[in-house]
Amino acid sequence: MKRTKIVAGVATVLALGLTATACAGGGSATTAPSASGAGSSAPASAAGGTLSILSGTATEHWDPQRVYVGVNIEAGNRLFTRTLTTFGPVAKDGDPSTLVADAATDTGTVSADAKEWKFTIKDGIKWEDGQAVTCEDFKYGISRTFAVDVITGGPNYAIQYLDIPKNADGSSKYAGPYKKTGQDLFDKAVTCDGNTITFKMANPAGDFNQALTMTAFGAFRKDKDQGDKSNFAIFSDGPYKLDGEWTPNKGGTFVRNDQWDPKTDTIRKAYPDKITWDESLTQETLYERLIANQGDDQNAITFDQAPVTALSNVQGGADGRYTIVPSPYTRYLVPNFKSKVMSNDKAREALALATDRSAYVTAAGGDQVVKATNSLINPALSSFPNTPLLAGDKGDPAKAKEALQASGLTLPVKIKVTYRKNDTLDKVFAGLKSGWDAAGFDTELVGIPADQYYGTLQSPENATKYDAMWAGWGADFPSASTVIPQLLDSRSQISAGGPGQDYGYFSNKDFNAGIDKAYALSGADADKAWGALDTEASTKYFAVIPLINDQFVFVHGSNVEGANVNITFTGYYDLADISVKH
Amino acid sequence: MFYYILRRLASVVVMVFLITATTFALFFASPIDPARYTCGKNCTPTILEGNRKALGYDQPATVQYGKFIAGLVVGREFPDNEQLKKDHPEQIVKCPAPCLGYSPSQHRTINEMVSEAWPISLSIAIGAFILWMVIGVGGGIISALNKGKWQDRSIVGTALIGFSLPTFFVGLVLLTFPAIKWGAVPIPKYVPFTENPALWAANLILPWITLAFFFAASYVRLTRAYMIETLSEDYIRTANAKGVAKWAVIFKHGLRAVMTPIVTAAGLDLGGLLGGAIITESVFSLHGLGYLAVHSVTTMDLPTIVAMVMIVSTFIVVANMLVDIAYGFIDPRVKLAS
Numbered sequence: 001m002k003r004t005k006i007v008a009g010v011a012t013v014l015a016l017g018l019t020a021t022a023c024a025g026g027g028s029a030t031t032a033p034s035a036s037g038a039g040s041s042a043p044a045s046a047a048g049g050t051l052s053i054l055s056g057t058a059t060e061h062w063d064p065q066r067v068y069v070g071v072n073i074e075a076g077n078r079l080f081t082r083t084l085t086t087f088g089p090v091a092k093d094g095d096p097s098t099l100v101a102d103a104a105t106d107t108g109t110v111s112a113d114a115k116e117w118k119f120t121i122k123d124g125i126k127w128e129d130g131q132a133v134t135c136e137d138f139k140y141g142i143s144r145t146f147a148v149d150v151i152t153g154g155p156n157y158a159i160q161y162l163d164i165p166k167n168a169d170g171s172s173k174y175a176g177p178y179k180k181t182g183q184d185l186f187d188k189a190v191t192c193d194g195n196t197i198t199f200k201m202a203n204p205a206g207d208f209n210q211a212l213t214m215t216a217f218g219a220f221r222k223d224k225d226q227g228d229k230s231n232f233a234i235f236s237d238g239p240y241k242l243d244g245e246w247t248p249n250k251g252g253t254f255v256r257n258d259q260w261d262p263k264t265d266t267i268r269k270a271y272p273d274k275i276t277w278d279e280s281l282t283q284e285t286l287y288e289r290l291i292a293n294q295g296d297d298q299n300a301i302t303f304d305q306a307p308v309t310a311l312s313n314v315q316g317g318a319d320g321r322y323t324i325v326p327s328p329y330t331r332y333l334v335p336n337f338k339s340k341v342m343s344n345d346k347a348r349e350a351l352a353l354a355t356d357r358s359a360y361v362t363a364a365g366g367d368q369v370v371k372a373t374n375s376l377i378n379p380a381l382s383s384f385p386n387t388p389l390l391a392g393d394k395g396d397p398a399k400a401k402e403a404l405q406a407s408g409l410t411l412p413v414k415i416k417v418t419y420r421k422n423d424t425l426d427k428v429f430a431g432l433k434s435g436w437d438a439a440g441f442d443t444e445l446v447g448i449p450a451d452q453y454y455g456t457l458q459s460p461e462n463a464t465k466y467d468a469m470w471a472g473w474g475a476d477f478p479s480a481s482t483v484i485p486q487l488l489d490s491r492s493q494i495s496a497g498g499p500g501q502d503y504g505y506f507s508n509k510d511f512n513a514g515i516d517k518a519y520a521l522s523g524a525d526a527d528k529a530w531g532a533l534d535t536e537a538s539t540k541y542f543a544v545i546p547l548i549n550d551q552f553v554f555v556h557g558s559n560v561e562g563a564n565v566n567i568t569f570t571g572y573y574d575l576a577d578i579s580v581k582h
Numbered sequence: 583m584f585y586y587i588l589r590r591l592a593s594v595v596v597m598v599f600l601i602t603a604t605t606f607a608l609f610f611a612s613p614i615d616p617a618r619y620t621c622g623k624n625c626t627p628t629i630l631e632g633n634r635k636a637l638g639y640d641q642p643a644t645v646q647y648g649k650f651i652a653g654l655v656v657g658r659e660f661p662d663n664e665q666l667k668k669d670h671p672e673q674i675v676k677c678p679a680p681c682l683g684y685s686p687s688q689h690r691t692i693n694e695m696v697s698e699a700w701p702i703s704l705s706i707a708i709g710a711f712i713l714w715m716v717i718g719v720g721g722g723i724i725s726a727l728n729k730g731k732w733q734d735r736s737i738v739g740t741a742l743i744g745f746s747l748p749t750f751f752v753g754l755v756l757l758t759f760p761a762i763k764w765g766a767v768p769i770p771k772y773v774p775f776t777e778n779p780a781l782w783a784a785n786l787i788l789p790w791i792t793l794a795f796f797f798a799a800s801y802v803r804l805t806r807a808y809m810i811e812t813l814s815e816d817y818i819r820t821a822n823a824k825g826v827a828k829w830a831v832i833f834k835h836g837l838r839a840v841m842t843p844i845v846t847a848a849g850l851d852l853g854g855l856l857g858g859a860i861i862t863e864s865v866f867s868l869h870g871l872g873y874l875a876v877h878s879v880t881t882m883d884l885p886t887i888v889a890m891v892m893i894v895s896t897f898i899v900v901a902n903m904l905v906d907i908a909y910g911f912i913d914p915r916v917k918l919a920s
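Put into structure tokens, the structure is as follows:
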């Protein structure tokens, strides 16, 4: 997450920021080629024109195996990197989306033990130079994730899921296609038989077909691979291709890929003839421009969210052109099981009972942009358990005090709580401290600069330093398997190198066994299992204290149509069926 | 003169060496782990280690610094991985001398980044410099010649406002109203001078005004103060008494004496500005050297940080040297060699 704060002038004061990340969602649509090449049965007026994307955020990667933030998953998947499965566009903001086949003929066939997945790649999908996209291209693309010293920054789900042995330090015995160490292991885990690709899982993985929606599981052609030099070298198998080169911090222009056949693609309508991406802007400039809605900016969207401080400006200046949707994130508190106080069950319960989420909501901008929660899993996911708040949104200091007294600790109980320091969280934690102190805690707050925050939490040297820690997380694709195990599975997270994302060193055999069971399930059964684990974590073990879900505010130009936020897929405007009036 | 310049150039090299070494030392003393910036969201200790290795931060700082210096002299290849160079030469980026390094956040050589950014910073700096010198020195002269009159008070008052208003404020006001709301000028976007000089100027006029408004203020005050002092000197009275034309007294006798402090200030200001007008570039989204410097710090991009420190310090040190040389021409009494 990144935030910028700006002060401005006489008549205009805008303070803007942004956030970025990933997640994943569905419906599908039928398409037919339009006169301008758009794969759509939509009115002819929808096809054509130029969509302008204004951005204040520098793209880190376009290399499909390195893309990990929601904006780039959205653009990558919708414009130039087709994946075996994806999530379809939505008819309106906030609608749920379902998993659909993309480059594969269906959403996959899974074995009874959920340890083997098969997909057949559609005929007729071509790279921008006219060569067919093959099973080997997908296999090669996925292999690149294992080259962790070259292809950095991307998701590591391939390493986690595939049946390839690991070294003692947790690294894969396969070192990627450049070194080829352990190539035979990879070749056993991923096999191609004609157009059919088969994946062998290390453990049951009922949601593997959802993981494949990430571009990290997209195809990559071996003869186009230049390692780090490929970072911005887009080679398309989708409806658009890069016109010329991508310039970091400036952007580029996408034009139609004439090798893309809409008959092979039921997801992407590809309405605009051209998409310009200008990332040389600042957030304050782009929001001024979007609110002013002049000239070409009427055809513009942005993936940068207006922060709560700019909400009134947006509501006043962009009426009918803005939307507020749930962000993919959950902000939560992690009691530290390595601390003397928080290793006590009753003390953790007391902390949870005394947590005043209403103070968080008020300090962070009000209930229009922040919602209290007691679930780690985001409401956008079908597994969201909607765990009831233990003591309402204000907490119950009296009840908490009873629990704390029952803990056997001497009141007041000193605790050190840390959070990522910024103006908003300073206010938030001042409010939370009041609730905790009223329950018998003596809270010391420690704000850590954003640059150092997660590094501090993940350092083994700080394992016992804090009693509780603030954190934030969003699902990488709409499965709770990218939430619960990533935050609470001690086996995959805790090592000699630190706690991973299990910042509180929560380690429970029963809970871990529950994770294994949930992995093996799919569909509604998996949702139920993950949801139950989430509820257990926050109400039985008090391993986490979920706090809030924040909301994203987006603005678009007046000529833009179909600008719907797909909260299941990425949490951003869906480019699959967006169009401009012209 | 020749030996003087040679000596000064040698001191520039030593200074740049010391500054870059200090930057390296500070970077590695920082509690921030740069490898985390390229590690992605789901960052495990193993993945973090892979990133550290990919960035070359697994090597001792002294080794990294040695490679940086060697790159300046003989060039470098990235990544510094012998096996990869042998097996996959297509992945290797060649960076000829003087190689400033390879940016892990932008995935290209810093030389490429700097070659894109410096024309932007140069365009901003030169235009703003001309504007503020004309307005500042001209305003100062008019003010001095009309000391105590309404012209003086107006100019000094405006200068005070210009000096008081921060550049980000002036920049945002100019951007919001003339550019975005009224559409009177283009929203600044860099167009190379060689491509279209008119568009180049039209797109840079707001950044120029923003900077000139701030810098001209101090030059008005500086010129006014020195001019008033000079005009009261005996030799000026003598020149007036001898019937020398008024313009000649002002420009040939008065202004020449005032030039030394003005050139000193102008040289240092221009040198600093050539290294990037950080706030102005940020407000107008112009990606010059200032933006590059800010971006490199926010992404903990060591090679770019070091290169930017080196470039900016070189500009300032060289500007200082040029100012000293200029003294010799402005004031014949100054002997540089001594």
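Chains A and B, in that order, are what the protein sequence lines are.
Take the first sequence: its letter number 574 is residue 574 in my numbering, and every next letter is one higher.
Every number in my numbering is 582 more than the matching position in the second sequence, counting from 1.
The C-beta atom is built at its ideal place from N, Cα and C for all residues, glycine as well.
- In chain order, I291 and V555 place their CB closer than 6 angstroms to the CB of A318/A, counting only its own chain and leaving out the 5 sequence neighbours on each side.
- Among the CB atoms of chain A, none fall inside 8 angstroms of the CB of E664/B.
- Listed along the chain, the chain A residues whose CB falls inside 7 angstroms of the CB of S867/B are S280, L281, T282 and T285.
- Around the beta carbon of E815/B, fewer than 16 other beta carbons lie within 10 angstroms, which makes this residue exposed.
- Of A352/A, S481/A, L425/A and Y419/A, the smallest CA-CA separation from N378/A is found for S481/A.
- DSSP places S697/B inside the alpha helix (DSSP H), whose first and last residues are I692 to L727.
- Note on N785/B: 16 or more other CB atoms within 10 angstroms of its CB, so buried under the neighbour-count rule.
- The criterion of a C-beta distance shorter than 8 angstroms is not satisfied by A147/A and K122/A.
- About 5 angstroms separates the beta carbon of G622/B from that of Y68/A, a gap short enough to meet the 8 angstroms contact definition.
- The Cβ neighbour count for F599/B, taken over all protein chains shown within 10 Å, is under 16; the residue is labelled exposed.
- Note that the C-beta distance between A710/B and L793/B is below 8 angstroms.
- When rounded, the separation of the alpha-carbon atoms in N374/A and R82/A is 36 angstroms.
- Within the region 417 to 468 of chain A, complete beta strand (DSSP E) segments of at least 3 residues are found at 441 to 448, given in chain order.
- Neighbours of D669/B in chain A, taken as residues whose beta carbon is under 9 angstroms from its own, are Y178, K179 and K180 in chain order.
- Neighbours of S864/B in chain A, taken as residues whose beta carbon is under 7 angstroms from its own, are T282 in chain order.
- When CB distances to chain A are screened at a threshold of 8 angstroms, not a single residue of the region 784 to 804 of chain B falls below it.
- Per DSSP, G523/A lies in no beta strand (DSSP E); the unbroken alpha helix (DSSP H) holding it starts and ends at G523 to T539.
- A contact is defined here as three or more CB-CB pairs under 8 angstroms, and the region 347 to 363 of chain A meets this definition with respect to the region 378 to 392 of chain A.
- Counting along the chain, no beta strand (DSSP E) covers A270/A, and no H or E run does either.
- Under the DSSP definition of a beta bridge, V598/B lacks any partner.
- Identification of residues in the region 618 to 636 of chain B having a C-beta nearer than 7 angstroms to some C-beta of chain A yields R618, T620, C621, G622, K623, N624, T626, P627, T628, I629, G632, N633, K635 and A636, given in sequence order.
- When secondary structure is reduced to three states using DSSP, N549/A falls in the strand class.
- Residue-level contact by beta carbon holds for T152/A and chain B, with a gap shorter than 8 angstroms.
- Taking a beta-carbon distance threshold of 8 angstroms, D883/B does not count as an interface residue toward chain A.
- L281/A and V865/B have their C-alpha atoms roughly 9 angstroms apart.
- N336/A sits away from G497/A, with the two beta carbons spaced by 8 angstroms or more.
- Within the region 240 to 251 of chain A, the residues whose Cβ lies closer than 9 angstroms to any Cβ of chain B are, in chain order, T247, P248, N249 and K250.
- A Cβ of chain B is located within less than 8 angstroms of the beta carbon of A292/A.
- Around K229/A, the beta-carbon contacts reaching into chain B at under 9 angstroms are E672, Q673, I674, V675, H689 and R690.
- Counting only runs that start and end inside the region 230 to 261 of chain A, there is no alpha helix (DSSP H) element of at least 4 residues.
- Beta-bridge pairing by DSSP links S579/A to E561/A.
- With respect to the C-alpha of F897/B, the residue from L856/B, M809/B and C681/B having the closest C-alpha is L856/B.
- Judged by DSSP secondary structure, W790/B falls outside any beta strand (DSSP E) and instead within the alpha helix (DSSP H) spanning P779 to L813.
- Within chain B, T758 and I762 have C-beta atoms less than 7 angstroms from the C-beta of E288/A, given in sequence order.
- Taking 8 angstroms as the cut-off, the Cβ atoms of V369/A and I324/A count as close.
- DSSP places L84/A outside any alpha helix (DSSP H), giving it a letter other than H or E.
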